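Q: Residue numbers (our numbering), protein chains in the order written: chain A, 49 to 256; chain B, 24 to 281; chain C, 36 to 672.
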Amino acid sequence: MAVSGIVLFGFVVGHMFGNLKLYQGPEAINVYAEHLRTMGEPILPRNALLWVVRAVLLAAVGVHLWSAWTTTRQSWAARGGRYEVWTPVQADYAARTMRWGGVLIALFVAFHIADLTFGTGHPQFAPADVYSNVVRGFQRVPVAAFYMAANVALGFHLYHGLWSLFQSLGWNNPTFNHWRRTFATAFACIVAAGNVSFPISVLMGWVK
Amino acid sequence: MRLTLRVWRQAGPSAPGRLVTYELPDVSEHMSFLEMLDVLNERLTEKGEEPIAFDHDCREGICGTCGFMISGIAHGKMPATTVCQLHMRHFRDGEELVLEPWRSKAFPVLRDLVVDRGAFDRIIQAGGYVAVNTGTAQDANAIPVAKADADVAMDAASCIGCGACVAQCPNGAAQLFTAAKVSQLALLPQGQPERWQRVERMVAQLEREAFGSCTNYGECEAVCPKGVSLDFIAMMNRDWLRNVFRVRRESRATGGAG
Amino acid sequence: MRLDARIPAGPIEGKWERCKFEMKLVNPANKRRFKVLVVGSGLAGASAAASLGELGYEVECFCYQDSPRRAHSISAQGGINAAKNYQNDGDSVFRLFYDTVKGGDFRAREANVYRLAEVSGAIIDQCVAQGVPFAREYGGLLANRSFGGAQVSRTFYARGQTGQQLLLGAYQALERQIALGKVRMFTRTEMLDLVVEDGRARGIVVRDLKTGEIRRHAGHAVVLATGGYGNAFHLSTNAKGCNATAIWRAHKRGAAFANPCYTQIHPTCIPVSGDYQSKLTLMSESLRNDGRIWVPLRKGDTRPAGEIPEAERDYYLERRYPAFGNLVPRDIASRAAKQVCDEGRGVGPTGLGVYLDFSESIGRLGRAAIEERYGNLFEMYERITGEDPYSVPMRIFPAVHYTMGGLWVDYHLMSSVQGLYVLGEANFSDHGANRLGASALMQGLADGYFVIPYTIGDDLAARLGEKVSSDTPAFSEVETGVRDRLRKLTSIRGKRTVDSFHRELGQVMWAECGMGRNATGLRRAIERLPGLRAEFWENVNVLGSGDGLNQSLEKAGRVADFLELGELICRDALHREESCGGHFREEHQTPEGEALRDDEHFRYVAAWEWAGEGREPVLHKEPLEFEYVHLAQRSYK
Chain A
49 MAVSGIVLFG FVVGHMFGNL KLYQGPEAIN VYAEHLRTMG EPILPRNALL WVVRAVLLAA
109 VGVHLWSAWT TTRQSWAARG GRYEVWTPVQ ADYAARTMRW GGVLIALFVA FHIADLTFGT
169 GHPQFAPADV YSNVVRGFQR VPVAAFYMAA NVALGFHLYH GLWSLFQSLG WNNPTFNHWR
229 RTFATAFACI VAAGNVSFPI SVLMGWVK
Chain B
24 MRLTLRVWRQ AGPSAPGRLV TYELPDVSEH MSFLEMLDVL NERLTEKGEE PIAFDHDCRE
84 GICGTCGFMI SGIAHGKMPA TTVCQLHMRH FRDGEELVLE PWRSKAFPVL RDLVVDRGAF
144 DRIIQAGGYV AVNTGTAQDA NAIPVAKADA DVAMDAASCI GCGACVAQCP NGAAQLFTAA
204 KVSQLALLPQ GQPERWQRVE RMVAQLEREA FGSCTNYGEC EAVCPKGVSL DFIAMMNRDW
264 LRNVFRVRRE SRATGGAG
Chain C
36 MRLDARIPAG PIEGKWERCK FEMKLVNPAN KRRFKVLVVG SGLAGASAAA SLGELGYEVE
96 CFCYQDSPRR AHSISAQGGI NAAKNYQNDG DSVFRLFYDT VKGGDFRARE ANVYRLAEVS
156 GAIIDQCVAQ GVPFAREYGG LLANRSFGGA QVSRTFYARG QTGQQLLLGA YQALERQIAL
216 GKVRMFTRTE MLDLVVEDGR ARGIVVRDLK TGEIRRHAGH AVVLATGGYG NAFHLSTNAK
276 GCNATAIWRA HKRGAAFANP CYTQIHPTCI PVSGDYQSKL TLMSESLRND GRIWVPLRKG
336 DTRPAGEIPE AERDYYLERR YPAFGNLVPR DIASRAAKQV CDEGRGVGPT GLGVYLDFSE
396 SIGRLGRAAI EERYGNLFEM YERITGEDPY SVPMRIFPAV HYTMGGLWVD YHLMSSVQGL
456 YVLGEANFSD HGANRLGASA LMQGLADGYF VIPYTIGDDL AARLGEKVSS DTPAFSEVET
516 GVRDRLRKLT SIRGKRTVDS FHRELGQVMW AECGMGRNAT GLRRAIERLP GLRAEFWENV
576 NVLGSGDGLN QSLEKAGRVA DFLELGELIC RDALHREESC GGHFREEHQT PEGEALRDDE
636 HFRYVAAWEW AGEGREPVLH KEPLEFEYVH LAQRSYK
């Protein structure tokens, strides 16, 4: 869970920063997208490294989902009957929504890949023109809303996930422990804010 | 003050259970929660109804015998307090309270609010000790222990094994209990020779029992009557991981030379 | 009945060594042919079961709690004494021995106490090796504190939870033996009777508290480590489940009961707040280091403590005992509190309480210093009473805490029944008429770790090849008796609850046989208790059946035994026409109100033999010789 989480966390951070090129105009982001395909050339053929990265990510997603599923099943089995009343004392919203938030994010990722990588269901999909795909895509209000909701969920998921990571891997040192929550909050906010800014910018007409 | 209690009644391990409502018109604010139940039980007995079974012993918050859910919180809403030390002055007149046993597959209900926590003993059996036979010890001051280490070991060792951590955890996980013992012994020089084997075996036993897995909710720490810290779980996880990557040495000697 | 204490000959320093050498041994390979039943899993029971398992014996261990880790030893707060002399302050085995005999008001057996002091150091070594997190100094070495009745610092402690940590150490050793298959543990299992055949303990009959099943267990030896009988007083600092059933049943099967009237009343407990009170909570004796004890000078003064001017307060301990002040031993502090309350100067809603005031030390040392020393105790006080002891004085009152009496044992810790051993608080051996603070833990562990593992072999060695079986007429007879009694209890269906009988017994015991005792009151109690017992057996109401978990039934059996034991306590107190330690006979006091011993007539252990239902018990005397400690009147002035 933690190890696949680190891989996926690395990806979402990179993905968000990469996408900030949206604000530098069509050329910058399209060149960046093309660069991703040509990474490793001429030693490796075009797209090769991209597919390696995709394979690693896919594996990480698989491991992440599988561990989530097994721990969830284990936990449900461990509860010997439901409480008539159960009152949380410390578990915050983020902790309590890891499972359903995770499901929402998984659904979103599937939609997102179909929409912006393969163009399935996208009204004006142009394979090489990332900029226009994004802008046209977010001009559909329901899609933008879904995108924003999913990224807020991602923020919460990252917040609890990052903090948990320290616990699960035993990165515990009294001198630095108070930074763990700060780190988790900061990265969760940065990733969520960066990602949510794209549809907002499109809807507000800042990015056309 | 007047209170309404809805109490889980279950005649035996395999009998069905249900919540039964009892009215208590005259609760004194000086009573402890268990004394209130004592009074209720006296009245039930006088009416010919079987009293409510609940576990309790020292009533000083140290033996770890007592414990049940009060309106969804293990040991009730007061922090760092077992039910035997919870006093009625913290409740409002007219309040309705729901009393349920610890619910965990690993802690089967025996009767009413009484559960079987034998799983905890089995986790200790798996390695929660230092293997020194009586009489073999060296002088107690032969190995100095840094005060800070001894103090933190004591924080971990203050666990009373009541099971509130498991009961409150949405996952029904027993990481906090296990980690408290693993960490106490890992912090002390006396625990070093068996350190890796201990964490491996105790975690393996933890997984064999019907507990859930930890997802770091932090509920356990919040309800722990002794305030055992979540940090110990991180310490246990680190030791467990370090053990996985540890260089393992195996002796090839066979038999004794006589 | 013949009482032979089997004290080895020779000088006191060599007695234990000599005893160990003279005892017969069981060869390591033969140990597994012997089965030992250990009842109780507190400090004494758990340490005994673990150590015997390590040696190779087949052990079965029983406790009424759901886990051996819950035994009442866990509640001990203050610490454990040991003659380590780590503080370089002049401590020695002899000094610990001397302090213990003197603290016990010269009513303990010298040889036993010396051995206790002798093995005390090894206990600390053992516990540290087990990972017990004792308090330490910054240099990494063990810290000590001082305790009542001693002028050296020899008490080792783990915050205010020493008993817990020592018990968990023994519990872990026990769990290790369980995992190794050397000890079989029976939790939620209560011993209900002892089986004696041809004068020898053959086994026990138990009830599985979960299923109600009655079972027989046979063994080569039976070890009782079932704790004290303070709950005979209903309200005490003991855990609710603490009971005397195992030792009382053994007594009725032939084990002599020694000095039952030696009960310790602890001076610093939280007072009773109402009829519903279920138990009393002890506040560590260490509080008396910085708290000052006082009551109003005037009778019936109901002003709040803060409004009573200094001149109208009576710091009675400081006034009466200028040398020791608030740090006099437990029995003296308790009696003094009773006296001022009897005079009508007690405080609080019931008038049964005295102030323990920290305002002076808070003023002198600052709140932070007091918080560091006693923070957890202050918190506990506030949790229970709802009052903040930093701003208003604590109210305290004495409560029954420990019983020095118990089954009579010889130097080997064997009772008057062959093959029946008694350890820890359940026996009578080491504390005389008053126990010093931090000595109970020492004795429990000494008995379990370092005495019984040696002495049990001496008796077993002669029994090699002897088969044990629970399929004998004696077992059948005892089992039938147990079943009949349980059936009787659930079939009376009278009008009174078990608790109401327990409460009434407690009121009689506390009023007539509590801190101050006199012949008239004791006779009154001895007359009244048979009637209460008869009413119990006609009018008690135990609902449900014996077929499953039934807490009322468990309680009923225990209270029935307390009703019998209570009478023996009173008889012993009546017969002992002197005051010593925890036993204070109002007829025997100095003009200043101090305990007055009568060494000429009462320098003996009173061992009572059960003579049958409705008969007066028979008194046997084991004379006490004091060769090394000079008999003197204790003075703390």
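Quick reminder that beta carbons are idealized off the backbone N, C-alpha and C, glycines included.
Quick caveat: nothing in here was measured; it's all calculated off a predicted structure.
Cβ atoms of H110/B and R189/C: under 8 angstroms apart, would you say?
A: no
Q: Using a beta-carbon distance below 8 angstroms, is F143/B in contact with chain C?
A: yes
Q: When we look at the beta-carbon of N123/C and count the other beta-carbons within 10 Å, is it buried (16 or more) or exposed?
A: exposed
Q: For the alpha helix (DSSP H) containing E82/A, name the first residue and the last one.
A: 74-86
Q: Which residue's Cα is closest to the Cα of V50/B: P36/B, K70/B, T68/B, T27/B?
A: Looking at the Cα atoms, T27/B is the closest of the given residues.
Q: Between the beta-carbon of V251/B and the beta-carbon of L211/B, is there less than 8 angstroms?
A: Going by beta carbons, V251/B and L211/B fall outside the 8 angstroms limit.
Q: Terminal residues of the continuous beta strand (DSSP E) containing F141/C?
A: Where F141/C is concerned, there is no enclosing beta strand (DSSP E), given that its DSSP letter is neither H nor E.
Q: Which residues mark the beginning and the end of the alpha helix (DSSP H) in which Q122/A is found?
A: 96-126
Q: Just how far apart, CA to CA, sit Y484/C and T135/C?
A: 20 angstroms
Q: Excluding the five sequence neighbours on either side, which residues of its own chain have a C-beta within less than 6 angstroms of the C-beta of E589/C, listed in chain order?
A: none
Q: Does the distance from the CB of G479/C to the CB of L78/C come in under 8 angstroms?
A: yes
Q: Going by the beta-carbon positions, is the gap between D228/C and V517/C smaller than 8 angstroms?
A: yes
Q: Would you kindly work out how many angstroms separate the C-alpha atoms of T118/A and T238/B, rounded to a whole number?
A: 12 angstroms
Q: Just checking, does the stretch 467-477 of chain C make contact with the stretch 267-287 of chain C on the three C-beta pairs under 8 angstroms criterion?
A: Cβ pair count under 8 angstroms is below three, so no.
Q: How should E244/B be labelled, buried or exposed, when 16 other C-beta atoms within 10 angstroms of its C-beta is the threshold for buried?
A: buried
Q: Could you pull the DSSP bridge partners for D243/C from this structure?
A: T224/C
Q: State the CB to CB distance for the pair S102/C and A205/C, rounded to an integer number of angstroms; the pair is presumed to be in contact (CB under 8 angstroms).
A: That pair is no contact at about 13 angstroms.
Q: Excluding the 5 residues flanking T420/C on each side, which residues of the same chain have their C-beta closer than 7 angstroms to its C-beta?
A: I305
Q: Mind checking who G238/C pairs with in its DSSP beta bridge?
A: Looking at the DSSP output, G238/C shares a beta bridge with V230/C, A253/C.
Q: Distance, Cα to Cα, A280/A vs Q187/A?
A: Given that chain A is displayed from residue 49 to residue 256, the structure contains no residue 280/A and the question cannot be resolved.
Q: Under 7 angstroms, CB to CB, which of the residues in the stretch 210-238 of chain B have a partner in chain A?
A: Taking 7 angstroms as the Cβ-Cβ cut-off against chain A, the residues of the stretch 210-238 of chain B that qualify are A233, F234, G235, S236, T238.
Q: Short of 7 angstroms in beta carbon distance, which residues of its chain neighbour A372/C, apart from the five on each side in sequence? Order them along the chain.
A: P302, V389, F432, P433
Q: In this structure, how does DSSP classify C615/C when only helix, strand and coil are distinguished?
A: strand
Q: With three or more C-beta pairs closer than 8 angstroms as the rule, is the stretch 134-150 of chain C touching the stretch 164-180 of chain C?
A: In short, these stretches do not touch, since the Cβ pair count stays below three.
Q: Give a yes or no on whether 8 angstroms exceeds the smallest Cβ distance from S127/B to chain A.
A: Yes - at least one Cβ of chain A is within 8 angstroms of the one on S127/B.
Q: So, is the C-beta of R229/A closer than 8 angstroms to a C-beta in chain B?
A: no
Q: Using three-state DSSP, classify L609/C as helix, strand or coil.
A: Helix.
Q: Do you know offhand how far A179/B's Cα is from A103/B's?
A: For the pair A179/B and A103/B, the Cα-to-Cα distance works out to about 15 angstroms.
Q: Fully enclosed by the stretch 525-586 of chain C, which alpha helix (DSSP H) runs are 4 residues long or longer?
A: Listed in chain order, they are 533-548, 554-574.
Q: Are the beta-carbon atoms of A481/C and V163/C separated by less than 8 angstroms?
A: no
Q: Note down the Cα distance separating A157/C from I300/C, rounded to an integer number of angstroms.
A: 30 angstroms
Q: Does C237/A come out as helix, strand or coil in the three-state DSSP assignment?
A: helix
Q: Between which two residues does the beta strand (DSSP E) containing V191/A stretch?
A: It is not in any beta strand (DSSP E) - V191/A instead sits in the alpha helix (DSSP H) that spans 189-216.
Q: Just verifying my parser: in three-state terms, what is the DSSP assignment at C188/B?
A: helix
Q: Taking C-beta to C-beta, are I85/B and I109/C nearer than 8 angstroms?
A: yes
Q: What number of angstroms, rounded off, separates the C-alpha of V104/A from the C-alpha of S52/A?
A: 10 angstroms
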